[in-house]
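Notes follow the structure.
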Amino acid sequence: MASNTTTEVFGLRLENPLLLASGVVGTTPGGLKSAVGAGAGGVVTKSLGLEAREGHSSPNVVGVDCGYLNAMGLPNPGAEYFADELSGMDVGAPVFASIFAEDPDQFARLTEIVSPVADGIELNLSCPHAEKVGSAIGTDPELVEKIVSRVVSSTDLPVLAKLTPNTDRIVDIGRAAESGGADGVVAINTVAAMTIDIKTRRPILGNVTGGLSGRAIHPIAVKAVYDLYEGLSVPIVGVGGVETPETAIELILAGASALQIGTGVATRELSVFREVDEGLAEFIAEEGLELEEMVGLAHHK
Ligand SMILES: Cc1cc2nc3c(=O)[nH]c(=O)nc-3n(C[C@H](O)[C@H](O)[C@H](O)COP(=O)(O)O)c2cc1C
2 MASNTTTEVF GLRLENPLLL ASGVVGTTPG GLKSAVGAGA GGVVTKSLGL
52 EAREGHSSPN VVGVDCGYLN AMGLPNPGAE YFADELSGMD VGAPVFASIF
102 AEDPDQFARL TEIVSPVADG IELNLSCPHA EKVGSAIGTD PELVEKIVSR
152 VVSSTDLPVL AKLTPNTDRI VDIGRAAESG GADGVVAINT VAAMTIDIKT
202 RRPILGNVTG GLSGRAIHPI AVKAVYDLYE GLSVPIVGVG GVETPETAIE
252 LILAGASALQ IGTGVATREL SVFREVDEGL AEFIAEEGLE LEEMVGLAHH
302 K
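Quick note on our numbering: the sequence shown kicks off at 2 and runs consecutively.
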């Protein structure tokens with residue numbers, strides 16, 4: 002693995018800045034381990050709630066021209082079950098536990114459950130297709146600040162707030178997370194979207210609407226990261242359509258200190274981590290830069 006992409010962020014040393022995004026192969030601890038084996042510098046678990054949950058009826062993931070549309074509805078085995086499975090397992094790289102809940106008390110309880118088995122906490126304040134959780138609460142800056150501050154006081158681990166692009170206030174929400182004590186923000190979750198079968202004239206997803214990911218949302222992620230970099234002081238994790246070294250470099254230049262890959266794992270398989278890392282390492286060497294120096298370079302006049 003290329004050593005010039007080793008980095009430190011949120012007090013954690015990462016072999017490279019490419020993390021597995023929540024919801025993709027990280028549904029089991031074994032899946033997390035295989036992503037690290039394939040070259041991920043860190044991993045994020047599938048979002049975990051207090052109770053086991055089945056999620057929405059299928060079809061819950063459909064391929065569209067420019068990415069994937071999903072309305073999984075946050076299926077998960079429950080935080081306690083997952084934490085038990087993960088405990089004692091050496092994943093080989095930092096693990097962020099992604100959690101979702103309806104209010105600050107539930108978030109605090111989840112944080113206590115997952116903290117013993119994680120290296121960081123990612124708050125899902127951004128899923129666009131589940132009632133009362135995700136973006137339903139993550140678009141209210143006051144509530145975001147309250148949730149983050151409860152979580153921060155419930156753990157010693159770094160806490161990241163994952164933001165929704167389905168708002169015109171992403172920077173206000175990011176600032177609220179920062180005021181609540183977040184160590185960083187993650188941008189972006191999926192973009193609200195839907196697709197219709199023209200023959201049956203019916204929406205295709207079981208949940209009718211869902212979230213778009215992959216190539217189509219990359220420029221949206223670039224703008225979100227760029228705007229957040231202007232408005233916040235904490236590090237930003239960029240996510241959305243990273244599938245090639247170029248897409249990764251663009252997000253770093255916009256202001257991302259680390260990146261996550263979700264759909265890229267489906268379109269390019271787990272080898273996406275090594276391929277992107279190698280291309281990034283080559284670019285850094287060619288440009289004569291350190292990785293950290295590249296962060297936010299697009300802002301320099
Ligand atoms: C099938 C699927 C399931 C997802 N599940 C979650 C989840 O549980 N929690 C979450 O915060 N994001 C979830 N996401 C969003 C991704 O983590 C990521 O933010 C988004 O897909 C954009 O990145 P990408 O273009 O690299 O996929 C999911 C995405 C997909 C495609």
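Cβ coordinates follow ideal geometry from the N, Cα and C atoms, glycine included.
DSSP three-state assignment for residue i, whether helix, strand or coil
i, result
"aspartate 278", "helix"
"aspartate 106", "helix"
"alanine 3", "A caution first: alanine 3 carries a pLDDT of 48, below 50, which makes its placement in the model too unreliable to give a value."
"glutamate 247", "helix"
"phenylalanine 11", "coil"
"phenylalanine 101", "coil"
"alanine 259", "strand"
"glycine 32", "helix"
"valine 25", "coil"
"glutamate 123", "strand"
"aspartate 226", "Note on residue identity: the sequence assigns valine, not aspartate, to residue 226. Here valine 226 sits in helix by DSSP."
"valine 118", "helix"
"valine 238", "strand"
"leucine 51", "coil"
Top-ranked residue by Cα proximity to residue i, from the options
i, options, result
"valine 266", "Ile205, Pro117 and Glu244", "Glu244"
"valine 65", "Ile197, Leu260 and Asp120", "Ile197"
"alanine 84", "Gly27, Ala282, Val37 and Phe11", "Gly27"
"glycine 31", "Ser88, Gly68, Ala72 and His57", "Ser88"
"leucine 233", "Gly185, Leu260 and Glu291", "Gly185"
"glutamate 9", "Arg170, Asp104, Gly42 and Gly175", "Gly42"
"alanine 80", "Phe101, Ala94 and Leu70", "Phe101"
"aspartate 141", "Gly121, Ala131, Pro117 and Arg176", "Arg176"
"glutamate 52", "Ser59, Thr191 and Glu103", "Glu103"
"alanine 94", "Glu132, Ile189, Glu143 and Val44", "Val44"
"glycine 242", "Leu229, Gly215 and Val226", "Gly215"
"threonine 6", "Leu21, Leu281, Cys67 and Leu298", "Leu281"
"alanine 194", "Leu33, Arg202 and Cys67", "Cys67"
"valine 153", "Ala131, Glu251 and Gly121", "Gly121"
Alpha carbon of residue i to alpha carbon of residue j, nearest angstrom
i, j, result
"valine 115", "glutamine 107", "12 angstroms"
"valine 209", "serine 4", "45 angstroms"
"glutamate 40", "alanine 286", "With the sequence shown as reference, residue 40 is identified as glycine, and glutamate is not the correct amino acid for it. Cα-Cα distance, rounded: 19 angstroms."
"valine 25", "lysine 47", "7 angstroms"
"glycine 256", "lysine 200", "44 angstroms"
"leucine 213", "threonine 264", "10 angstroms"
"valine 63", "isoleucine 218", "16 angstroms"
"valine 223", "valine 240", "9 angstroms"
"glutamate 293", "histidine 300", "14 angstroms"
"phenylalanine 11", "glycine 56", "31 angstroms"
"glutamate 231", "threonine 268", "32 angstroms"
(Q) For a minimum of 4 consecutive residues, which ranges assigned as the alpha helix (DSSP H) are wholly contained in the stretch 143-210? (A) Listed in chain order, the complete alpha helix (DSSP H) runs (minimum 4 residues) inside the stretch 143-210 are 171-180.
Q: Give a yes or no on contact between the stretch 17-36 and the stretch 270-278, applying the rule of three or more CB pairs nearer than 8 angstroms.
A: yes
Q) What residue ranges within the stretch 54-102 form continuous beta strand (DSSP E) runs of no fewer than 3 residues, ordered along the chain? A) 62-65, 68-71 and 96-100
Q. Is there contact here, the stretch 93-112 with the stretch 149-169, by at least three beta-carbon pairs under 8 angstroms?
A. As far as the Cβ criterion goes, the stretch 93-112 touches the stretch 149-169, which means the pair count is three or higher.
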